[in-house]
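Input: a single structure, listed below in structure tokens.
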Amino acid sequence: MNGGQDIVSSALDREKTIVRTSVVGIIANVLLAAFKAAVGLLSHSIAVTLDAVNNLSDALSSVVTIIGAKLGAKRPDKKHPLGYGRIEYLSSMIVAAIVLYAGITSLVQSVKKIIKPEAADYGAVTIIIIAAAIVVKLILGTYVKRQGRKANSGALVASGSDALFDAILSASVLASAVVYLIWHVSLEAYVGVVISGFIIKAGIEMMVETVNDVVGRRADAELSGRVKALLAEEPEVRGAYDLTMFNFGPDKDYASVHIELPDTMTVDEVDRLTRELQYKVYRETGVILTGIGVYSFNTTDAEAAEMRAAVEKTVLSHDWALQVHGFYADTQAKTLRFDAVVTFDIDRAEALGIMTREIGELYPDYTVQIVPDTDVTD
Numbered sequence: 003m004n005g006g007q008d009i010v011s012s013a014l015d016r017e018k019t020i021v022r023t024s025v026v027g028i029i030a031n032v033l034l035a036a037f038k039a040a041v042g043l044l045s046h047s048i049a050v051t052l053d054a055v056n057n058l059s060d061a062l063s064s065v066v067t068i069i070g071a072k073l074g075a076k077r078p079d080k081k082h083p084l085g086y087g088r089i090e091y092l093s094s095m096i097v098a099a100i101v102l103y104a105g106i107t108s109l110v111q112s113v114k115k116i117i118k119p120e121a122a123d124y125g126a127v128t129i130i131i132i133a134a135a136i137v138v139k140l141i142l143g144t145y146v147k148r149q150g151r152k153a154n155s156g157a158l159v160a161s162g163s164d165a166l167f168d169a170i171l172s173a174s175v176l177a178s179a180v181v182y183l184i185w186h187v188s189l190e191a192y193v194g195v196v197i198s199g200f201i202i203k204a205g206i207e208m209m210v211e212t213v214n215d216v217v218g219r220r221a222d223a224e225l226s227g228r229v230k231a232l233l234a235e236e237p238e239v240r241g242a243y244d245l246t247m248f249n250f251g252p253d254k255d256y257a258s259v260h261i262e263l264p265d266t267m268t269v270d271e272v273d274r275l276t277r278e279l280q281y282k283v284y285r286e287t288g289v290i291l292t293g294i295g296v297y298s299f300n301t302t303d304a305e306a307a308e309m310r311a312a313v314e315k316t317v318l319s320h321d322w323a324l325q326v327h328g329f330y331a332d333t334q335a336k337t338l339r340f341d342a343v344v345t346f347d348i349d350r351a352e353a354l355g356i357m358t359r360e361i362g363e364l365y366p367d368y369t370v371q372i373v374p375d376t377d378v379t380d
């Protein structure tokens with residue numbers, strides 16, 4: 003039970019990290035927004051004012067992140083038996099929408115200032131506040147991004163990256179102020195357009211990342227490799243195949259897999275082994291194996307071993323064939339069966355037709371059963 007308790011404890015720690023980090027971000031961004039808004043209004047600077055709006059949108063994003071983390075951490079119930087983890091992806095989408103809105107609004111205001119320019123009035127206080135904001139954003143961005151990676155929170159990582167980028171944008175505002183003070187050339191409206199463009203770009207990238215999470219992306223290669231390695235550690239397991247992972251929120255992964263076992267094992271032995279494997283994988287990775295299928299491996303028939311080698315050679319001669327597994331030949335009943343992993347470069351029905359024809363030509367007296375598997379994990 004210690005493994006399960008550790009994972010529950012880790013989930014609670016993750017939520018606390020997200021909330022604590024977001025609160026720090028809210029306080030810092032609200033203070034920065036207040037100072038910049040005051041400076042922007044007093045100096046008639048559209049660039050500084052838009053920078054303040056950007057800080058305010060960052061604070062709002064942190065609020066949404068907290069709400070998403072809280073709702074996503076709700077315990078599973080009858081209505082949602084696999085939990086509420088995917089709510090965090092929806093909160094990330096809302097954050098992206100807020101960033102996009104802020105960027106578009108900023109772009110509109112900047113263009114208006116280009117059409118109808120209004121002279122800015124920068125002073126020493128303005129320069130000092132902008133410079134201080136750059137330092138604060140650099141520190142805040144580094145902190146939030148580090149905590150986001152620690153908690154595996156896409157929303158926090160995005161917020162941290164956005165804060166670091168804000169520091170660069172604030173530096174451009176500072177540069178335009180210095181240019182105005184030295185050469186009396188006003189670039190702030192144009193700087194505002196550039197800032198808006200980068201904000202819009204960041205919002206679009208955040209939206210794309212979140213949509214990928216909602217639609218479903220390829221499982222992390224390191225995690226899937228770790229799960230397969232844990233299964234293959236057991237001496238009875240000849241191989242782990244067809245690993246399919248289902249993500250229901252950050253750190254909430256379910257999976258199914260096939261393992262290849264000797265044909266001499268009893269049902270009781272298989273039952274004991276699969277239960278041990280489920281607990282082992284959960285304890286070590288947090289991944290819940292909802293199902294473990296079994297392939298039978300020929301252990302005593304030399305002819306079957308030769309057939310396996312011939313089938314693998316024939317199938318893997320095609321560029322679109324990645325792997326043959328689950329092979330079993332019954333030389334008495336004249337049947338053979340196997341799975342073949344194929345790439346996305348060929349239609350599965352077409353691949354099945356080619357393999358069926360070629361293996362049928364190799365062994366015309368056999369009944370052949372082939373399952374074309376999709377390349378879903380590394």
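Letter by letter, the sequence shown follows residues 3 to 380 of the working numbering.
For glycine and all other residues, C-beta sits at the position ideal for the given N, C-alpha and C.
Annotated three-state conformation of L324 is strand, per DSSP. Using a Cβ distance threshold of 9 Å, D273 and Y330 do not count as a contacting pair. Per DSSP, reduced to three states, the secondary structure at D79 is coil, with no helix or strand assignment. One Cα belongs to I100, the other to T292, and the distance between them is close to 37 Å. By the Cβ neighbour-count rule, I201 is buried, with 16 or more other Cβ atoms within 10 Å of its own. For P374, the number of other beta carbons within 10 angstroms of its own is at least 16, and it is reported as buried.
Membership of E262 in the beta strand (DSSP E) is indicated by the continuous run D255 to P264. Relative to the Cα of V216, the nearest Cα in the group L189, Q325 and S94 belongs to S94.
Per DSSP, reduced to three states, the secondary structure at A35 is helical. Taking C-beta atoms under 8 Å as the contact rule, L171 and I130 fail to qualify, at a distance of about 18 Å.
Straight through space, the alpha carbons of R22 and V41 are spaced by roughly 29 Å.
Per DSSP, the beta bridge partners of G293 are S258. The C-beta of N300 has 16 or more other C-beta atoms within 10 Å across all chains shown, which makes the residue buried. Here Q371 carries a strand assignment [DSSP, helix/strand/coil].
Beta-bridge partners of T144 (DSSP): none assigned.
Beta-bridge analysis with DSSP links N249 to D255. With respect to the C-alpha of S258, the residue from T268, D244 and F250 having the closest C-alpha is D244. Residue range E190 to V217 is occupied by the alpha helix (DSSP H) that includes F200. Put simply, the stretch 303-322 touches the stretch 334-346. At least three CB pairs are less than 8 Å apart. Between G218 and D253, the CB-CB gap reaches or exceeds 9 Å. Under the DSSP assignment, A104 falls in the alpha helix (DSSP H) whose first and last residues are I89 to I117.
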